[in-house]
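Residue numbers (my numbering), protein chains in the order written: chain D, 1173 to 1731; chain X, 9 to 166. Cβ coordinates follow ideal geometry from the N, Cα and C atoms, glycine included. Because the structure is a prediction, the values reported are computed rather than measured.
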Amino acid sequence: MRTRTLYPALVAALALLLAACMGDTAPRLEGLSLTSATIADDVITVVGENFYQGDASSMRLEACGVTLTADLVEPVTQTLLLPPGAKLTVQTGDRLTAELPAEGLEPGVSDVRVIRPDGSSATLENALTCVVAEDPDTEGPREPEEEPEDPEEEPEEEPEEEPEDDPTLGAITITLSPAIPTAITITGPEGYTHTVTGAAELKNLTPGEYTLTATETTELVERASEGTTYAFQRIWTPAQPTTTVQVEADATATAAFAFELEPTYINIVFTGLWDGPTLEELWSFTAVERLKADGTWEATSLAEVEGVEPGVYRMSSTGASRAATVLGVSYEERYAFTGNNTPIAASSRATELFTLAFELMPGGISVESTGLPAGLEQEYSVSRRTEEPPYFEPGVVGATELAPGAYFLELEDQVTSVEAEHPDGGTENVIHVFRASSIAFALDSGEHLHLTPEYELRPGTLRISIEGLEETDLTGEVAFRRVGDTVWTIASDDGMNIFEVIPGIYEVQARDVPDPSEGGTYHYRTYGVSGYYVVDSYAYGVSDMVTITARYHRGLAGF
Amino acid sequence: MKKQSACPLRPLVVLSLLLCGFSLASAQGVELGVSAYPAQGVAAAHVGVALFEAEQVEHQARAGVTYGFEGLPALSATYLLRDTSRTFLATYLGAGVGLSFGEAPAPSTMFSAHALAGVRAPIVGGLGAYSELVVAGNALGTSMSFGVGLTYTLGGMN
């Protein structure tokens, strides 16, 4: 029995333990944000996102020095299971309203704070201009910070008490959108004139026509970031500076003023980029940020360059790039951002200038040739290709850093003389020319190319012209070989025989050709052909071809 | 950043679920139940496991799933104390925790707690009927619900 009396207590203890667990399990809700807040007829309307309230819990609203219970307007209902056997109704929405009390309000510009049932909240700064009750001792409403006329007055007089509304008089409610502390001048019958700051409600007005005039207002705004404070001006202009309302007895007329923010103008100059970038290209690699009131930066756009909201802006870039083509060869140009992102405070009607400087990033080449004998060094030049004739820019000798583009690498011929032993004694100089082919290449920004051209020894040209056998069926026989070789090469065709040979000293023999007619009595022979010839590498302007003319003459054999 | 809850009951809930599993394996003292909460439009099913009995009080762990015919089901775990001195209209008390899954802007998971009191009557064999009153609440509100259901105890009435 003792246990039976104990077990409800055990359950109660368990429930208390559960309740303790619930204490730190507040829900994580979607972010709450506020967009705008307005006052009309003593009702505050707030627009935002992710308002909600549960079955028995409402949202709260703090404004004008008071805390109010707010109701969702046009709520969307959602149910949430409450296991093991119940449901909760949760209402969500994006607008809420709260009715201001008649007393306890603090006049002047006020923040609006919305608090959800779980305690999370969001604040809209300087969102409303709160109006106090009318002072019966003056024509217009009491100034927000006005002190009692006589602080020594007896407390029993209750100076805060609202006067009785006179049913023969009327009222005007002035609303401003947005709620800015600007001056509104009201003129009316019987020389009535009064000025209020911000939204207001004027009571006990003589019926008649009243003219309300709003003027342009300049607001000095300061924003701070990373220890630096930036100041700029916001100029608000009324969309309709003057409005007229008709005040009737025991009725409230409404005068609404809408203000427009005068924009700022930002010019942006891009330097160092290619010719004619499009706006889309420019924005694609440019970041714009605006300083928020809390000191953080938010990404924004200056695409509407003709007038943007005044504020503190900064621009930056991670660099630009584009694919370019010249004569069908593609390469990439990359541009480094060399400017700075110093913020600029831009005021209404002012024109500010951002200069975004870029620098084309070069590429690099190194050239390492092969095939040159010791003592000779490569010499090269690089010519950039262009779209227009002559399709090349002048070559740059020995360049290693180049702008991105399409190029030709050209190597200078290298010439040297080599001493060769002459069979007749002594030595002869033989010219050797080394030549390398040009290399075409495309170079991207930031790219390094290692080019390896190959020099080759240019051959000599030996031309042997055989004449005098044209009228016969015979062929010539002019043999040649390089000194030191054992194999002869034979030139036999009528006319010019052209041979490309290794540069050196060549032995040439023009051999007799027997004429088989008439019993072999005659031979064809040449004169002054046989001998030694120096054959240089052939290069135009450097060395010549060697030309040998073997003219055969018919004569008796043995002579 | 929300601080994580350091609820000491989590090990207890896990232990209860494990005990449920062990008991299911042996099919001894396992109770299966379905119930309805007509005023709320909610149906539920549960598995209960008798842990031990001391001085005419049975200690039972119950794991349940709740469905409201929209959205996602919710889960619950309950610890029960049942009076076994009476075979007809045996009363029980319990308390537990629940987990429900909402849609934005409500949190995707919400923790709740509940306490309940019920009465159970045998019908035939292991089959019985029960009704219970549940009070549950979470950070958004509280609710009281009344449910009726049927249970079946594997291995016969206990």
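Asked: Span separating the alpha-carbon of E1388/D from that of A1411/D; Found: 10 Å
Asked: Proximal residues, the segment 1229-1241 of chain D versus chain X, C-beta separation under 7 Å; Found: S1229
Asked: Sequence-distant residues of the same chain with beta carbon closer than 6 Å to D1309/D, five excluded per side; Found: A caution first: D1309/D carries a pLDDT of 43, below 50, which makes its placement in the model unreliable, though a value can still be read off. Taken in chain order, the list of residues that qualify is empty.
Asked: Simplified DSSP state of G1727/D, which is helix, strand or coil; Found: strand
Asked: Nonlocal neighbours in the same chain, by C-beta distance under 8 Å from V1248/D, ignoring five residues either side; Found: Q1263, T1264, G1265
Asked: Spatial distance of H1594/D from V1650/D (CA atoms); Found: 20 Å
Asked: Below-8 Å beta-carbon distance, D1616/D vs any chain X residue; Found: no
Asked: Chain D contacts made by the segment 35-47 of chain X, where a contact means CB separation under 8 Å; Found: S43, Y45
Asked: For E1297/D and A1465/D, the rounded distance between their alpha carbons; Found: 9 Å
Asked: Inter-residue spacing [alpha-carbon to alpha-carbon] between H54/X and A85/X; Found: 9 Å
Asked: 8 Å contact criterion, which H122/X and A144/X should meet: CB distance rounded; Found: 4 Å
Asked: Any chain D beta carbon closer than 8 Å to A69/X; Found: no
Asked: Test: T1266/D CB closer than 8 Å to a CB of chain X; Found: Checking the displayed sequence, the identity of residue 1266/D turns out to be Asp instead of Thr. Chain X, which has no Cβ nearer than 8 Å to the Cβ of D1266/D, makes this no.
Asked: E61/X: contacting residues in chain D (beta-carbon distance under 9 Å); Found: None at all; the shortest Cβ gap to chain D is about 10 Å.
Asked: Per-residue burial, T1446/D [other beta carbons within 10 Å of its own, 16 or more giving buried]; Found: Contrary to the premise, residue 1446/D reads as Trp rather than Thr in this sequence. Answer is exposed; the Cβ neighbour count stays below 16.
Asked: Y1627/D and G1543/D closer than 8 Å at C-beta; Found: yes
Asked: Where E1452/D falls: helix, strand or coil (DSSP); Found: helix
Asked: Interfacial residues, the segment 1247-1279 of chain D to chain X, with Cβ spacing under 7 Å; Found: Q1250, T1251, L1252, L1253, L1254, P1255, P1256, G1257, A1258, K1259, L1260, V1262, T1264
Asked: Member of D1645/D, D1665/D, I1674/D, T1647/D whose CA lies at the smallest distance from the CA of R1653/D; Found: I1674/D
Asked: Own chain partners of T1693/D with C-beta closer than 7 Å, once the 5 adjacent residues on each side are dropped; Found: L1728, A1729
Asked: Under 7 Å by beta carbon: chain X residues contacting G1226/D; Found: L148, G149
Asked: Contacting residues, own chain, Cβ-Cβ under 8 Å from T1251/D (five flanking each side not counted); Found: K1259, L1260, T1261, V1262
Asked: Sufficient close CB pairs (3 or more, under 8 Å) joining the segment 1444-1459 of chain D to the segment 1397-1414 of chain D; Found: no
Asked: Inter-residue spacing [alpha-carbon to alpha-carbon] between D1243/D and V1368/D; Found: 31 Å
Asked: Unbroken stretches of the beta strand (DSSP E), 3 residues or longer, contained in the segment 1603-1665 of chain D; Found: 1611-1615, 1620-1623, 1627-1629, 1632-1639, 1650-1654, 1661-1663
Asked: L3/X and Y160/X closer than 8 Å at C-beta; Found: In this structure chain X extends from 9 to 166, so residue 3/X is not present and cannot be described.
Asked: Residues of the segment 1286-1299 of chain D with Cβ closer than 7 Å to any Cβ of chain X, in chain order; Found: P1289, D1290
Asked: Under 7 Å by beta carbon: chain D residues contacting S153/X; Found: G1257, A1258
Asked: Beta-ladder partner(s) of F1671/D, from DSSP; Found: L1634/D
Asked: Proximal chain D residues relative to V142/X, where beta-carbon distance stays under 8 Å; Found: P1256, G1257, A1258
Asked: CB of T1301/D within 8 Å of CB of V1281/D, strictly; Found: yes
Asked: Alpha-carbon to alpha-carbon, V1498/D and S1637/D; Found: 48 Å
Asked: Neighbourhood of A1614/D by C-beta distance below 6 Å, restricted to the same chain and skipping five residues each side; Found: V1501, Y1503, A1578
Asked: Where L158/X meets chain D, residues with beta-carbon distance less than 9 Å; Found: Simply none; closest approach about 15 Å.
Asked: Nearest-angstrom Cβ-Cβ length linking L1574/D and G1535/D, presumed shorter than 8 Å; Found: 6 Å
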